[in-house]
Amino acid sequence: MISKYSLLYVLLIIITSSFKTNRDCEYVGSNIEYITSQTKKALAETELNKTKYQIYKAINAIEKTRTKLNDCGCSYASKNLFDGLDNLILATKTSSVSGAKVLINRALKNTYLSLESLKEHHTHQSKYQADVLTLNVKNAKKDEFVSKETRERELRQAIDTSLETFEKALEDVIVTVNCEEARNFIIEIRNKCDLALLNDKLSEGKKYYNLRTKVIATNALKKLDDCK
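Going by the numbering used here, the sequence shown wraps up at 298, each residue one higher than the last.
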């Protein structure tokens, strides 16, 4: 017969894994956004060599996302993204820009579908987490889990607090700096975050820091939509 402490241990593993999976999926989503941007750049090029250069950057980003995709566990997102990878690889073997763009467009559609699948997976995962938490409250003590989650939450709160100054600084840049210069500066910040999030060896704290910085930079760019 399973003791209540054994049951608690099992529940703690399930719950902790589900929250880790949720964060893994967030990082995958960020990577797919970067992959999409590189694919769009390939589509915008008019010279074959430059087109293929951008394609290889997208391919490299997909390869670096493999581990995170496995940790996330969204099979539909994986399938669509790797279908896109196949199309991009085929595009590198074409001898004309027009031929490459047919395949790049297919790959772009694949990345969009992958992102949509990920959003649906995130919704289902959140519901599952809520159900498991309810079950845990009803059936067992959760001191150990709360302790770990508290530490992680405090770390995220500390990072959020540290980024408040950065967010205000970006607002000052938008107001005081030339529009085009401000946009280029913020895009550079966002691109650095994209590249950092492709690093599988990044700690959870650094992953969250780069993810939040990217969100802040993206929101700041929206304020420059009318920039000419």
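We put the CB at the ideal spot given by N, CA and C, even for glycine. Predicted model only: the values in this text are computed from it and were never measured.
- Distances from the alpha-carbon of Asp230 to those of Cys95, Ser145, Gly169, Thr283 put Thr283 closest.
- Distance between Ser145 and Gln227, taken at the CA atoms: about 31 Å.
- With a threshold of 16 other beta carbon atoms within 10 Å, Asn248 falls short and is exposed.
- Sequence-distant Cβ neighbours of Ile259 in its own chain, meaning closer than 6 Å and more than five residues away, are Ala287.
- When the alpha-carbon of Glu224 is set against those of Ile159, Glu274, Val243, Ala266, the nearest one is in Glu274.
- For the pair Leu268 and Asn101, the CB atoms are nearer than the 8 Å cut-off.
- Short of 6 Å from the beta carbon of Glu186, and not among the five residues preceding or following it, lies no beta carbon of its own chain.
- When secondary structure is reduced to three states using DSSP, Asp296 falls in the coil class, being assigned neither helix nor strand.
- Judged by DSSP secondary structure, Ser145 falls within the alpha helix (DSSP H) whose first and last residues are 145 to 161.
- Annotated three-state conformation of Asn269 is coil, per DSSP.
- Contact check for Asn180 and Asp153: beta-carbon distance about 5 Å, within the 8 Å limit, so the pair qualifies.
- The Cβ atoms of Tyr97 and Leu281 sit closer than 8 Å to each other.
- Pairing Leu272 with Gly99, the inter-Cα distance amounts to about 16 Å.
- Each residue's CA atom was taken as its position, placing Cys297 and Asn254 some 11 Å apart.
- Distance from the CA of Leu155 to the CA of Val243, rounded to the nearest whole angstrom, comes to 38 Å.
- Nearest to Leu139 by C-alpha distance, out of Ser184, Lys120, Gln108, Asn119, is Ser184.
- The beta-carbon distance between Leu113 and Asn175, rounded to whole angstroms, is 7 Å. This is short enough to meet the 8 Å contact definition.
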